[in-house]
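J.:
Numbering (full-length UniProt numbering), first residue to last: 1 to 150.
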């Protein structure tokens with residue numbers, strides 16, 4: 001009451017985790033609704049959006065097609081050194097089983113290197129040179145902060 005004054009001011013996360021869970025659930029009605037909407041959007045989204053013309057170059061699209069969730073896990077997971085090539089299949093059901101991350105093809109970022117300046121956004125050249133000003137800051141007894149140019 002002191003912090004938010006009125007329930008209309010409560011942050012959605014604070015309010016959602018403060019709700020009583022629905023029967024058979026770990027979360028209340030607000031998070032149930034938000035999670036359901038998010039899962040529906042994920043399920044129904046265009047999973048091949050990156051193939052649309054104008055999104056990536058042909059080389060970039062080919063490189064993205066070669067990428068895998070296994071490599072994403074290797075690159076971003078804490079202390080992940082071994083994975084299955086198909087992370088959705090049990091190791092015993094795929095050739096090679098569990099492999100070292102070095103065996104998983106990495107994304108070649110060379111296709112994203114900018115080689116020429118964008119004509120729509122030319123390099124900015126300026127004669128402006130920032131002034132070099134030194135500032136000294138002293139904290140005096142009583143925690144009063146004081147600045148002065150030197």
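A virtual CB, placed ideally from N, CA and C, is assigned to each residue, including glycine.
Are the CB atoms of residue 71 and residue 107 nearer to each other than 8 Å?
T.: Contact: yes.
J.: Looking at the structure shown, is residue 45 part of a helix, part of a strand, or coil, going by DSSP?
T.: In the structure shown, residue 45 sits in coil (DSSP, three-state: anything other than H, G, I, E or B).
J.: Alpha carbon to alpha carbon, how far is residue 104 from residue 144? Give it in angstroms, no decimals.
T.: Because the pLDDT at residue 144 is just 48, under 50, the model does not fix this residue reliably, and the value given afterwards should be weighed accordingly. Cα to Cα, the separation comes out at about 58 Å.
J.: At the level of alpha carbons, what is the spacing between residue 140 and residue 74?
T.: Low confidence applies here, because residue 140 scores a pLDDT of 49, under 50, leaving its location unreliable and the question unanswered by this model.
J.: Write down every uninterrupted run of the beta strand (DSSP E) in the region 67-121 whose length is 3 residues or greater and which is fully enclosed by it, in chain order.
T.: As far as the region 67-121 is concerned, its whole beta strand (DSSP E) runs of at least 3 residues are 82-84 and 98-100.
J.: Compute the distance between the beta-carbons of residue 82 and residue 100, then report whether it is under 8 Å.
T.: Their beta carbons are under 8 Å apart, which means residue 82 touches residue 100 by this criterion.
J.: Sorted by chain position, which residues of the same chain lie with C-beta nearer than 6 Å to residue 6's C-beta, five sequence neighbours on each side aside?
T.: Answer for residue 6: no residue qualifies.
J.: Starting from the C-beta of residue 39, find all residues in its chain whose C-beta is less than 6 Å away, skip the five residues before and the five after it, and write them out in chain order.
T.: Result list for residue 39: empty, nothing under 6 Å.
J.: When the Cα atoms are used, what is the spatial distance from residue 109 to residue 9?
T.: The alpha-carbon atoms of residue 109 and residue 9 are separated by roughly 45 Å.
J.: Roughly how many angstroms lie between the CA atoms of residue 89 and residue 4, to the nearest whole one?
T.: Near 48 Å, if we compare the C-alpha coordinates of residue 4 and residue 89.
J.: Can the beta-carbon of residue 30 be found closer than 8 Å to that of residue 22?
T.: No; because the gap between Cβ atoms is not below 8 Å, this pair is not in contact.
J.: Please classify residue 96: is it buried, with 16 or more other beta-carbons within 10 angstroms of its beta-carbon, or exposed?
T.: Looking at its Cβ environment, which holds fewer than 16 other Cβ atoms inside 10 Å, residue 96 is exposed.
J.: Relative to the alpha-carbon of residue 16, which residue among 35, 92, 80 and 85 has its alpha-carbon at the smallest distance?
T.: Nearest C-alpha to residue 16: 35.
J.: Looking only at its chain, what residues have a beta carbon closer than 8 Å to the beta carbon of residue 115, apart from the 5 residues adjacent to it on each side?
T.: Cβ neighbours of residue 115 beyond the five flanking positions: none.
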